[in-house]
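Just below is one structure, and these are the notes that go with it.
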Amino acid sequence: MKTLKTVAARLGLAAGLAALAAPALAWEPTKPVTLIIPAGTGGGADQMARFIQGVIQKHELMSKPLIVVNKGGGAGAEGFLEMKGSAADPHKIIITLSNLFTTPLGTGTPFNWKDMKPVKMMALDQFILWVNANEPYKTAKDYIDAVKAGDDRAFKMGGTGSKQEDQIITVAIEKETGGKKFTYVPYDGGGKVAVQLVGGHVNSSVNNPIEAVAQWRGGQLRPLCIFDKARSTYTNKVTESQSWSDVPTCTESGLPIEYQMLRGIFTTKNATPEQVAYYEGVLKKVMETAEWKEFMEKGAFNQTTMTGAEYEAWLTSAEARHRELMTGAGFVAAAR
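In terms of the working numbering, the sequence shown opens at residue 93 and continues consecutively.
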C-alpha cells in the first residue's frame with residue numbers, strides 16, 4: 093500500500109510539473125471575434141482580411157470563430173468609430189490601411205489610431221501605376237509625357253475613395269506633369285478600380301498589386317512602375333515573361349515618388365497586454381504558414397512586420413507624414 097501511495101504521489105507531481113511546463117493561455121476569446129474591414133469588398137484590405145480568416149479556420153488557430161465584416165462607410169469611418177465605441181470589448185479586431193490616418197484628417201471624423209490598441213504590422217502594401225494593356229505606353233515616362241502633351245484634366249485616374257491614398261499619390265504625380273491635372277474618379281474598392289481600367293473608363297490607376305494582378309496575368313493591364321525605393325524581390329514569373337521584380341521603381345522611371353501603405357491589425361483600446369498577446373500569437377502562426385508566404389508573393393508585399401513600441405513609433409511617424417502630405421494637397425478638413 094505504501095508503494096502504491098508513493099507511485100500515486102510521484103504521478104501527481106509529474107502531472108503538476110507538466111502543467112507548469114505547458115501553461116494555459118492567459119486569455120482566450122469567450123465568444124466569436126469580429127474582424128472589421130474599414131473598406132469595401134474586393135480591395136486589398138478585404139482580400140487580406142478574408143485570407144487571414146481562411147488560414148485561421150484551416151489550421152484551427154482560434155478556439156472561437158473569426159467573423160469578417162465590411163464597414164467601409166465614410167471612407168472607413170464607420171469601422172473606426174465602431175472600434176472606438178467598443179473600447180471595452182476585446183472580441184473585436186480591425187485590419188487597417190492608410191485611411192487610419194487619411195480619414196480623420198480628411199473628414200474631421202473624431203477618431204485617431206490611439207483610440208485603438210496596436211497589435212501587429214502584417215506587411216506594407218505597394219502601389220503601382222497601371223494602364224490598360226491596349227494603350228501604347230510602355231514606361232511611366234511615356235505616360236507622363238502624354239499627360240503633359242494633353243489637355244488639362246483630359247486623363248482620368250481611377251482610385252479608391254476621395255482624399256485617400258490613391259488621390260494623395262495622384263496629386264504627387266501631378267507635380268511631375270508640367271501643371272496638368274488628372275480628373276480623379278473615386279470608386280469604393282480597388283477591385284472596382286481595376287475593372288474600370290480594363291473597361292477603358294479611366295486611363296490609369298495606382299492600385300495595389302494584389303488588386304490588379306489577375307488583370308495583369310490576363311494581359312488586360314500593364315504595370316508601369318512601383319512606388320517603392322527598390323524593386324520587388326519576387327522573381328517568379330507572374331505573366332509568361334514578367335515577374336514583380338521586372339517592374340521598375342517609379343524613381344528610376346523618372347517619377348520620383350515613394351509611397352507604401354500599412355496592412356496592420358489593431359484591437360480595442362482597453363485590451364489588456366494578455367489580450368494583445370493572444371492576437372499577436374495567432375497572427376504569428378498565420379505568418380508562419382506556407383499559405384501566407386504564397387499570399388505575400390502573389391501581392392508583391394513588402395514583408396516588414398512590427399509589434400509593440402516599434403510599431404507605435406512607426407504609426408506616430410506615419411501619421412505625421414500623412415498630415416504633411418494632405419496639408420500640401422489641401423485635403424485636411426477645416427477644424428470644427
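Cβ coordinates follow ideal geometry from the N, Cα and C atoms, glycine included.
In the DSSP assignment, Pro365 falls within the alpha helix (DSSP H) that extends over 365–379.
Unbroken alpha helix (DSSP H) stretches of 4 residues or longer found wholly inside the segment 106–171: 136–151, given in chain order.
If only uninterrupted beta strand (DSSP E) runs of at least 3 residues are considered, those enclosed by the segment 265–317 are 275–279. Under the three-state reduction of DSSP output, Ile185 falls in the strand class. Rounded to the nearest angstrom, the Cβ distance from Val368 to Lys156 is 17 Å, too far for a contact under 8 Å.
Bounds of the alpha helix (DSSP H) holding Asn191 are 191–199.
Contact holds between the segment 278–290 and the segment 300–308, because three or more Cβ pairs, one in each stretch, are under 8 Å apart.
Here the C-alpha atom of Ala363 lies approximately 10 Å from the C-alpha atom of Ser178. Residue burial is scored here from C-beta neighbours: Val239 has at least 16 other C-beta atoms within 10 angstroms and is therefore classed as buried. Fully contained in the segment 324–366 are the following beta strand (DSSP E) runs of length 3 or more, in chain order: 353–360. A contact is defined here as three or more CB-CB pairs under 8 Å, and the segment 251–259 meets this definition with respect to the segment 188–196. By alpha-carbon distance to Ala141, the top candidate from Phe358, Tyr403, Ala425 is Phe358. Scanning its chain for C-beta atoms nearer than 6 Å, with the 5 sequence neighbours on each side dropped, one finds around Glu411 the residues Phe193, in chain order. Between Gly356 and Val294 the beta-carbon gap is near 29 Å, outside 8 Å, which marks them as no contact.
Three or more beta-carbon pairs drawn from the segment 216–224 and the segment 311–329 are found closer than 8 Å, and the two stretches are therefore classed as touching. Judged by beta-carbon spacing, Pro202 lies beyond the 8 Å limit of Gly168, meaning their Cβ atoms are not closer than that value.
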